[in-house]
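From first to last, the protein sequence lines stand for chains Z and G. Numbered per the numbering used here, the first sequence spans residues -6 to 121. Numbered per the numbering used here, the second sequence spans residues 2 to 310. Written out below as C-alpha cells is the structure these notes cover.
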Amino acid sequence: MPLHILLLLVVGGISAITLLLHLLGKSRLAFLTVEDARSAWHRHFPDDDIQDVTVAQNGHAALVHTAQGPGLLWSFGADTVARHLHDFDLIETPDHLRVIFHDFTAPRVSLHLTETERPLWQELMAPT
Amino acid sequence: MTDPLHYPDVVQMAVPLFVAAVLFELGWIVWRGRGGRYETRDALTSLVLGAGSVAEGILLGFVAWGVFMWLWTLTPLDLGTSIWVVAACFVLDDLRYYWVHRFGHRIRWVWASHVNHHSSQHYNLTTALRQTWTGTFTLMMIVRAPLVLLGFHPAMVLFVGGLNLIYQFWIHTEAIDKLPKWFETVMNTPSHHRVHHGRNPRYLDANYAGVFIVWDKLFGTFVPELDGEKPDYGLVRNLGTFNPLRVVFHEWIGLFRDVVQPGLTLRQRLNYAFAPPGYSHDGSRDTSEGIKAKHLVRNPSDSGTPGFN
C-alpha cells in the first residue's frame, strides 16, 4: 500500500473514531459514590483495610483513608485509578488543587473542589 | 542480487478492515446496549499506539529482516513455497508466538515492551491495536530463527506472523460470548483471550496463545473464563495517564531506574531486568505468584480451582 494512502487511512480513521466516540458521550468521567469509591479502592488495593472515604462533591475523586495510609482515587475516563499518598506535591491554583505524584505512570491529577471542600481536603491530605 | 520471493504486508493491508471493524463493534454496542465499553481517550491512546507500531515496523523492520536474511544464507535447507509449507510455517510460527508471548509476561525485559498492550482498562477492538513500539529492542526476533534455519523463507515467516496478528484482532471483544465447543477447544477465542487480559489473580499469566489455544493446554497455562468471574481488565497497578509516550515507555523507565539504583548486588540488578514482573530485592512488590498467594489467603475456597492449581 502506498505510504500516503496508509497515512491518510490511519489519520482519517483515528480522527473519525475519536470524534464519533466523543459525540456519543463516551468522554464522560466516572461518577463515584462512597460505595463506588470503596469498591474501586479494593479493586486497586485488595489488601487494604479502608477506614474512611471522602468523595468530592463533583463525584470525580475520593480521599480514602486506610490502615495502610491515605490514598487518592480519581476518575480516569470511565474507570478509576488510585495511588497511596506517599510521595507527592500539592499545588493550589485558582480553580483546582493539583496533585503532582512523583510517579511516571500517574504524573498528576487535578481536583476540582468547592470552596468549602478545598481546605478540608488540604488538611486531610497533609502528611502526618 | 535481490531475493525474488515476496508476500504482501498483510497487516498494512488490513488497516481499513481494522477501522471498519471498530466502527461496527461500536455501532453494535450502542445499538444493543451491551457487548463492551468504549471511552474516547482510552480508544484514542490505543489507536495512536497502533499507528505507532505500524510506523515502528516500517522504520525498524529492516533489523529483523536483515537478521533473518543472514540466517537464510547460513541454512542449507529450503522447504519451498507450497501451500503445505506455508500452513506448516503458520502452525510453527504460532508455537513461536506462544513462547514469545509467555516470555513477554514472565521476563521483565520483554514485559517492558508488551505491557502497553495490557494497559487499557477496556477490552474492545481498539485494545487489539494497542501494540508495542519497542518490540525490536527485546530481541525476541531470535525466537523466529529456528524457523528460518529449518528452511522456511524469511518472507514467509514474516507473512504468517502478520496473519497471526490479524487473527488476534477480532478476539479482543466482549461482543462475542462463547463460540461452539469444538472451536473453543482448538482455537483462541474472545472468551479465552478475555481471560488473558484479566487482572484478576485467577487469570494472571494464563492463555498466551495466538491462534491455537491448544498450546496453553499442552503447556499447562490454560484457564477457562468462568461464568461467575468476569475479567477485570488492565494492569495490576493501573496507569493514571493516557499519554501514549508514557504508556509506551513507562516500564522501560521503571526497569532502568530499578537496575541503576544504588546498593544492589549484580544479581539483584539482573533480576530487576530479567526476573518476572513484580520482582523486588526487598519484597516490597508482588509477582503474579505473590498476588495469587495473597488472594488465596483472603479466599481459601478458591484453592484448587482454575488459575489456582
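Think of the CB as a built atom: it goes at the ideal place given N, C-alpha and C, for glycine as much as any other residue. Because the structure is a prediction, the values reported are computed rather than measured.
Following the DSSP letters along the chain, one finds residue 33 of chain Z inside the alpha helix (DSSP H) bounded by residues 27 to 37. Restricting attention to Z/120, Z/100, Z/4 and Z/11, the CA atom closest to the CA of residue 17 of chain G is found in Z/4.
A Cβ-Cβ separation of about 21 Å leaves residue -6 of chain Z out of contact with residue 169 of chain G under the 8 Å criterion.
Selection G/236, G/81, G/59 and G/194 evaluated against residue 6 of chain G yields G/81 as nearest (Cα-Cα).
Taking 8 Å as the cut-off, the Cβ atoms of residue 173 of chain G and residue 125 of chain G count as close. The residues 57, 113, 114, 249, 250 and 253, in chain order, have a CB closer than 8 Å to that of residue 135 of chain G in the same chain once the five nearest residues on each side in sequence are set aside. Residues of chain G with a Cβ closer than 7 Å to the Cβ of residue 6 of chain Z are, in chain order, 20. Looking at the DSSP output, residue 76 of chain Z sits in a beta bridge with Z/65. Residue-level contact check: residue 295 of chain G touches chain Z, since one or more beta carbons of chain Z fall below 8 Å from its beta carbon. One alpha carbon belongs to residue 23 of chain G, the other to residue 127 of chain G, and they sit about 7 Å apart. Take the alpha-carbon of residue 56 of chain Z and the one of residue 184 of chain G: they are about 47 Å apart. Under the 10 Å beta carbon count, residue 83 of chain G is surrounded by fewer than 16 other beta carbons and is classified as exposed. Secondary structure note for residue 59 of chain Z: its beta strand (DSSP E) is the uninterrupted segment 54 to 59. For residue 39 of chain Z, the nearest CB of chain G lies under 8 Å from its own CB, placing it at the interface with that chain. With a threshold of 8 Å between beta carbons, residue 81 of chain Z makes no contact with chain G. One alpha carbon belongs to residue 282 of chain G, the other to residue 10 of chain G, and they sit about 44 Å apart. Checking the DSSP bridge columns, you'll see residue 86 of chain Z has no partner listed. Separation of the CB atoms of residue 233 of chain G and residue 201 of chain G is rounded to 5 Å, and the pair is thereby assigned contact status at 8 Å. For the region 7 to 45 of chain G, not one full-length beta strand (DSSP E) segment reaches 3 residues or more. Comparing alpha carbon positions, the residue from G/187, G/276 and G/223 closest to residue 308 of chain G is G/223.
Comparing alpha-carbon positions, the option among Z/74, Z/61 and Z/38 lying closest to residue 23 of chain Z turns out to be Z/74. Within the DSSP bridge table, the entry for residue 234 of chain G names G/199 as partners.
Chain order gives no chain G residues near residue 31 of chain Z, where near means a beta carbon separation below 8 Å; the closest approach is about 16 Å. Counting along the chain, residue 103 of chain Z sits inside the beta strand (DSSP E) bounded by residues 101 to 104.
Chain-order list of chain G residues neighbouring residue 76 of chain Z: 241, by C-beta distance under 8 Å.
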